[in-house]
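K.L.:
Residue numbers (this note's numbering), protein chains in the order written: chain A, 493 to 943; chain B, 493 to 943; chain C, 493 to 943.
(1) Thinking C-alpha only, which one of C:665, C:610, C:605 and C:762 is nearest residue 911 of chain C?
(2) Do the CB positions of residue 934 of chain B and residue 806 of chain A come within less than 9 Å of each other?
(3) May I have the straight-line CA-CA distance separating residue 542 of chain B from residue 622 of chain A, to the nearest angstrom?
(4) Among A:928, A:745, A:892 and A:898, whose alpha-carbon lies nearest the alpha-carbon of residue 609 of chain A?
(5) Residue 569 of chain C by DSSP, collapsed to three states: which one?
(6) Ignoring anything shorter than 4 residues, give me the alpha helix (DSSP H) runs that lie fully in the stretch 676 to 715 of chain B, in order along the chain.
(7) Taking DSSP's pairing of strands, which residues face residue 889 of chain C in a bridge?
(8) Quick check: the Cα distance between residue 715 of chain C and residue 640 of chain B, rounded to an integer number of angstroms?
(9) Quick one: Cα of residue 680 of chain A to Cα of residue 718 of chain C, how far?
(10) Here's the rule I'm using: 16 or more other beta-carbon atoms within 10 Å means buried, otherwise exposed. How should residue 651 of chain C be labelled?
(11) Does any CB atom of chain B fall closer than 9 Å to the CB of residue 777 of chain A?
(12) Look at the Cβ atom of residue 654 of chain B, then the Cβ atom of residue 779 of chain B, and state whether they are nearer than 9 Å.
(13) Considering only residues of the same chain and omitting the five flanking positions on each side of residue 661 of chain B, which have a CB-CB separation below 7 Å?
(14) Taking 9 Å as the cut-off, decide whether the C-beta atoms of residue 839 of chain B and residue 816 of chain B are in contact.
(15) CB-CB under 7 Å to residue 722 of chain B, same chain, minus the five flanking residues each way: which ones, in chain order?
(16) How big is the Cα-Cα spacing for residue 629 of chain B and residue 747 of chain A?
(17) Quick one: is residue 561 of chain C near chain B, going by C-beta distance under 9 Å?
(18) Do residue 575 of chain C and residue 741 of chain B have their beta-carbon atoms positioned less than 9 Å apart in this structure?
(19) Helix, strand or coil, according to DSSP, for residue 940 of chain A in the structure here?
(20) Taking any Cβ of chain A, which residues in the stretch 847 to 863 of chain C have a Cβ under 8 Å from it, in chain order?
(21) Which first and last residues belong to the alpha helix (DSSP H) in which residue 777 of chain C is found?
(22) Using a Cβ cut-off of 9 Å (strictly closer), state whether residue 798 of chain B contacts chain C.
(23) Could you spell out where the alpha helix (DSSP H) holding residue 740 of chain B opens and where it closes?
(24) Would residue 791 of chain B pass as an interface residue toward chain C - the criterion being a Cβ-Cβ separation below 9 Å?
(25) Under 9 Å, Cβ to Cβ, is there at least one residue of chain A near residue 637 of chain B?
(26) Is residue 702 of chain B near residue 872 of chain B, with beta carbons less than 9 Å apart?
(27) Taking 9 Å as the threshold (beta carbon to beta carbon), is residue 773 of chain A in contact with chain B?
(28) Could you confirm whether any beta carbon from chain A is found closer than 9 Å to the beta carbon of residue 835 of chain C?
(29) Counting only beta-carbon atoms, is residue 569 of chain A nearer than 9 Å to chain C?
(30) How many angstroms separate the CA atom of residue 852 of chain B from the CA atom of residue 686 of chain B?
(31) If you measure from the beta carbon of residue 912 of chain C to each beta carbon in chain A, is any gap under 9 Å?
(32) Apply the 10 Å Cβ neighbour rule to residue 863 of chain C and answer buried if 16 or more other Cβ atoms are within range, or exposed otherwise.
(33) Measure the Cβ-Cβ separation of residue 810 of chain B and residue 579 of chain C and say whether it is below 9 Å.
(34) Return helix, strand or coil for residue 736 of chain B, following the three-state DSSP convention.
(35) List the residues of chain C that residue 541 of chain A touches, going by C-beta distances under 8 Å, in chain order.
(36) Okay, do the stretch 641 to 650 of chain A and the stretch 889 to 906 of chain A touch, 3+ Cβ pairs below 8 Å being the bar?
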């Protein structure tokens with residue numbers, strides 16, 4: 493135990509009887525070194541940064557979850573391609589979010605168009621060994637941790653797109669879209685809410701991004717799926733829908749579990765604070781609610797598929813759990829455990845009914861990304877008003893529509909340009925032979941005979 | 493808030509004789525805003541809650557570990573079913589532990605039968621934004637984090653059962669059992685020790701649940717396996733045991749690694765505190781010991797299978813590591829690294845010898861759950877006395893027997909009712925064709941030809 | 493900063509002028525119980541220990557990453573063997589690092605040969621419930637957390653070796669090497685830098701072990717690959733290189749994602765501190781840079797393989813990301829995000845060019861471990877001077893050469909002894925039939941027909 497703090501106190505007080513109380517105390521404090529308030533400030537900064545670091549790792553892990561889910565849901569002849577897309581999209585998202593996205597999303601006082609369009613320029617971290625006085629925002633968290641956490645959300649948006657468009661989109665067409673999505677589309681609309689832009693000013697409430705992340709990914713997937721068209725043989729000439737089963741449900745289930753796990757970071761980290769009793773208690777509520785919603789979504793799909801089809805359907809259970817997670821993402825804090833379960837369960841119900849609906853519309857979504865991320869995302873964003881008294885259904889609708897319109901228009905333009913300039917779809921022959929052999933010359937499971 | 497720090501202040505101020513001591517101290521304190529004691533209280537609360545959140549994520553992750561382990565150990569024709577069971581069981585455990593289990597397990601002052609049967613009712617979290625004064629237990633952790641952590645233990649108990657009964661039990665029969673197990677059987681017996689019930693009062697010592705979690709799951713699996721009977725063809729008419737190899741050892745190994753990883757949360761989180769030097773040092777010991785025991789179990793199986801069978805046996809190594817983990821779970825804190833290694837190694841030895849033993853008894857445990865969780869769990873509960881001076885071998889035996897008897901009786905009754913009411917076993921034809929095709933209409937690996 | 497707490501102190505002390513200054517302060521402090529400095533000390537200790545625990549779990553998880561990567565890169569007939577090796581190597585590393593390695597690596601004041609050779613003896617943890625006064629190093633972290641974290645680095649070194657030598661080395665020959673590597677070779681050379689030995693005194697700078705971990709594993713793999721020889725049929729008599737594709741690229745990709753995830757703990761934990769603003773901000777920088785470098789490596793491989801081969805190559809992208817991670821490991825703190833990306837990208841480029849180079853030299857590295865861990869490790873160790881002003885290129889070269897020479901010589905001797913005493917390579921017949929059937933009698937995927 494050191495005396496450094498006490499000595500100056502004693503010295504100061506003993507030596508300055510002439511001074512008035514306030515001055516005296518100030519002098520004491522300056523000399524005193526570490527105070528309890530300083531320690532508290534430091535503690536809050538560390539805990540918040542740690543929340544972002546742990547949360548960021550967990551959301552990073554979701555990239556692996558999407559990769560496994562999608563690799564399991566595509567046919568084995570397209571698995572290497574789906575893996576390549578997932579590794580590529582995450583890497584490009586990381587690079588372009590650093591290069592442009594982060595500053596576009598969080599312009600601070602540097603908006604180009606106030607509340608609508610942020611600033612361009614690469615992300616810059618705090619200096620090495622930054623102290624309390626030099627930290628960018630000592631009452632929040634380290635810039636590096638914040639950047640790390642936010643980057644992962646941007647990458648998640650891109651991950652959502654890849655599954656829907658699997659088994660027929662060209663690798664580079666997809667990756668070019670990812671660049672635009674992660675550098676521009678995602679950060680710009682995210683700045684409207686999370687960068688303190690116009691939607692935030694209106695009071696739009698989307699805690700961890702049912703709309704801002706999941707629906708945006710879903711809209712991009714939907715426009716892409718329409719422009720790209722369905723896989724060969726998916727829809728018969730007589731309107732018949734041919735199921736194309738995924739090649740590896742163990743992998744897909746692993747992917748679902750990884751996503752469920754990562755979602756604790758996704759939603760919990762979005763509390764943005766952990767350094768006080770109320771903050772950590774809130775993070776705890778969020779964890780419990782997130783888990784409840786996922787369970788609700790899976791149970792709803794388990795029961796509903798048995799009722800409707802007389803058989804439990806694993807793929808709908810996986811997507812049901814994910815839809816529950818997406819649904820609770822807009823407000824994982826305020827509901828009780830019961831309401832969280834119900835919000836998630838309705839997400840699961842939505843999936844069971846909208847997967848066939850898309851097929852009726854001949855929109856070919858290979859992994860069910862549009863029902864899970866778009867439809868359940870809209871539901872979750874509306875459901876905020878069930879528990880959050882500050883949210884307003886009109887404003888929620890404005891947010892959903894505005895972000896949706898922006899995502900649809902920009903995505904459609906980009907997909908159309910890509911289609912025109914470089915082509916978007918592999919040849920019919922390549923699609924039949926599988927993208928792995930024809931486009932990459934590398935099979936995912938070369939040792940195994942085809943069934 | 494304690495007065496220890498304020499006393500000298502008070503003493504000093506006592507020179508102002510006009511004021512009474514207590515009043516004075518209180519006045520000082522109220523004016524003081526943030527004190528070092530308050531900050532300490534807050535810090536302890538945050539760290540403890542954080543331990544539960546991190547621990548809870550890790551134990552959640554074990555659900556994925558069990559799913560992968562079991563999906564890898566069953567034949568490919570039953571893989572979708574095994575995955576379905578694992579997703580379903582976790583979701584149902586989450587729901588029913590919320591609805592009933594949590595309050596049954598932690599009745600506080602609200603026992604129905606004092607020390608034996610808790611209270612019924614759903615779990616309720618602390619309010620949003622709860623402050624220091626309103627927190628349920630400011631000297632412990634947030635209710636949400638505690639609930640989240642404890643829920644995962646309940647789910648683990650259910651995960652243990654699914655593997656043993658694989659490849660022949662009906663989906664809904666299994667799931668109904670899970671509901672009873674997670675809503676009633678697990679929480680009631682867990683309340684005896686961890687809810688401050690009669691076994692706790694006796695001094696039964698089971699740190700993270702070798703008996704309370706693992707053996708209970710093991711007993712439920714054992715009674716189920718006996719009532720259910722062995723898989724077709726497993727035991728020949730002449731007493732011959734036909735090995736039925738697992739379809740995907742890569743997946744099974746992944747599952748084992750996931751479980752090993754999750755166990756750091758399982759055992760480490762069970763320290764229930766991290767907000768002081770001694771608490772975090774204890775958590776650290778637990779991590780190191782848990783790892784040592786797992787390594788010990790794997791090494792024992794590696795050496796022993798080479799000695800006995802002239803060949804290393806991967807599946808026994810995986811189960812050996814898990815048995816080491818189960819064995820150290822009852823007391824991961826007190827042993828040194830050497831003793832922890834030995835306790836784990838003996839767990840591994842138990843597995844190597846008892847897997848064939850079960851086969852001799854014609855009890856068909858598909859994944860080895862009974863040797864790993866029940867037999868090694870008993871061993872670990874007894875081994876507590878090797879390092880924990882407060883533990884008593886007699887009391888340990890009482891705990892093992894009492895919990896075992898309760899688990900056997902309740903499980904047997906529930907299994908029997910399920911068998912009578914809805915049937916427990918799929919048809920012989922379904923079993924031969926595989927549960928995936930016959931019960932679910934969905935194969936796990938449809939692209940791959942059967943070998 | 494508030495004055496509330498200081499006022500009463502000041503008031504109190506002002507009233508006792510009769511006491512000497514120092515005595516007075518000391519008396520106050522002794523009576524005071526918890527002071528802000530004590531709380532700070534405690535907080536730092538907890539945060540640092542927590543960093544090691546979280547970091548340790550993440551680096552443990554890398555063992556699973558290596559297992560999956562390698563199981564995916566070998567042929568299905570050798571998958572069980574590769575899994576067995578990975579479970580075995582980690583377990584043996586855990587045991588022998590406890591038994592000898594930890595003390596050899598961190599001798600403190602107990603060197604046998606000062607700065608060159610540490611002390612022999614098993615690791616001993618702090619006592620249960622150790623308080624502030626008894627903690628081994630109260631200004632650092634708990635011994636258990638430190639041991640846990642460091643153990644995982646030792647195991648990583650062994651994991652690197654297993655992939656390169658796959659599909660032909662005998663199980664026990666490999667495991668005996670692992671024992672020597674983890675008990676002696678790794679800890680001794682690591683003590684030179686991290687145990688405050690002679691390389692540390694020289695100023696050699698290798699933050700998280702591009703050389704100390706990755707190159708050492710790489711050198712051991714290289715000497716092993718040379719002594720062992722190439723797989724049957726890999727190199728034709730006419731100098732033709734026959735590609736032997738991996739059997740499960742989904743698994744390999746999962747392994748890569750696991751490794752990427754684990755690397756946040758590997759590099760971030762190597763900051764060795766998290767309990768202050770600057771420390772946690774540094775950890776945050778490291779996370780962000782580590783991610784940037786991995787992305788850079790993957791993007792470089794994605795672009796370069798398309799340019800060189802007209803086709804994206806997933807396996808080179810996986811190894812490119814890993815090479816990016818290895819390259820940033822020697823200095824993940826000082827670079828900005830741009831430089832980190834470039835350092836990682838060059839790692840990716842190195843892999844694309846050196847994988848074929850090894851084939852030209854007829855050195856058969858099954859998974860690309862030598863390009864990734866050795867070549868990118870050397871690059872990363874040199875690249876330290878690009879951002880770290882305290883590093884010196886000459887010293888870096890000395891470190892690389894000294895550690896390399898030690899690793900080569902000791903590895904070669906051990907491999908040679910193993911070859912002479914017990915034989916190192918399976919029979920030609922076993923190799924052709926696959927190690928799973930011939931050596932272990934257990935196939936990894938028995939249900940699936942061979943392609």
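Don't be surprised by glycine CBs; every beta carbon is placed ideally from N, CA and C. Note that the structure is a prediction, hence the values are computed from the model and not measured.
P.N.:
Result, derived from the coordinates:
(1) When only C-alpha atoms are compared, the closest one is C:665.
(2) Against a cut-off of 9 Å, the Cβ pair of residue 806 of chain A and residue 934 of chain B comes out as a contact.
(3) Each residue's Cα considered, the two are about 25 Å apart.
(4) It is A:898 whose Cα lies nearest to the Cα of residue 609 of chain A.
(5) In this structure, residue 569 of chain C counts as helix in the three-state DSSP scheme.
(6) Every unbroken stretch of the alpha helix (DSSP H) spanning 4 or more residues and falling wholly within the stretch 676 to 715 of chain B is given here in chain order: 678 to 685 and 690 to 694.
(7) Bridge pairing for residue 889 of chain C: absent [DSSP].
(8) Note on geometry: alpha-carbon atoms of residue 715 of chain C and residue 640 of chain B lie some 49 Å from one another.
(9) Their backbone Cα atoms lie some 54 Å apart in a straight line.
(10) Buried, by the Cβ-count rule.
(11) With 9 Å as the cut-off, residue 777 of chain A counts as an interface residue toward chain B.
(12) No, they are not a contact pair.
(13) So the list reads 720, 916 and 917, once near-sequence residues are dropped.
(14) Against a cut-off of 9 Å, the Cβ pair of residue 816 of chain B and residue 839 of chain B comes out as a contact.
(15) Answer for residue 722 of chain B: 854 and 856, listed in chain order.
(16) Rounded to the nearest angstrom, the two C-alpha atoms are 37 Å apart.
(17) Output row for residue 561 of chain C: interface = no.
(18) The Cβ atoms of residue 741 of chain B and residue 575 of chain C sit closer than 9 Å to each other.
(19) Looking at residue 940 of chain A - three-state DSSP - the assignment turns out to be strand.
(20) Within the stretch 847 to 863 of chain C, contact with chain A at the beta-carbon level (separation under 8 Å) is assigned to no residue.
(21) Boundaries of the alpha helix (DSSP H) harbouring residue 777 of chain C: 769 to 801, taken from the DSSP string.
(22) At a cut-off of 9 Å between beta-carbon atoms, residue 798 of chain B makes contact with chain C.
(23) Judged by DSSP secondary structure, residue 740 of chain B falls outside any alpha helix (DSSP H); it is assigned neither H nor E.
(24) Yes, because at least one Cβ of chain C sits closer than 9 Å to the Cβ of residue 791 of chain B.
(25) Yes - at least one Cβ of chain A is within 9 Å of the one on residue 637 of chain B.
(26) Yes, the Cβ-Cβ distance between residue 702 of chain B and residue 872 of chain B is below 9 Å.
(27) With a threshold of 9 Å between beta carbons, residue 773 of chain A makes contact with chain B.
(28) Residue 835 of chain C does not count as touching chain A.
(29) So, not an interface residue.
(30) Distance from the CA of residue 852 of chain B to the CA of residue 686 of chain B, rounded to the nearest whole angstrom, comes to 36 Å.
(31) With 9 Å as the cut-off, residue 912 of chain C does not count as an interface residue toward chain A.
(32) Of the residues assessed, residue 863 of chain C falls on the buried side of the cut-off, its CB having 16 or more other CB atoms within 10 angstroms.
(33) Yes; because the gap between Cβ atoms is below 9 Å, this pair is in contact.
(34) Residue state, collapsed to three classes: coil.
(35) In chain order: 772, 773, 775 and 776.
(36) With a cut-off of 8 Å, the stretch 889 to 906 of chain A and the stretch 641 to 650 of chain A do not count as touching, because too few Cβ pairs lie within range.
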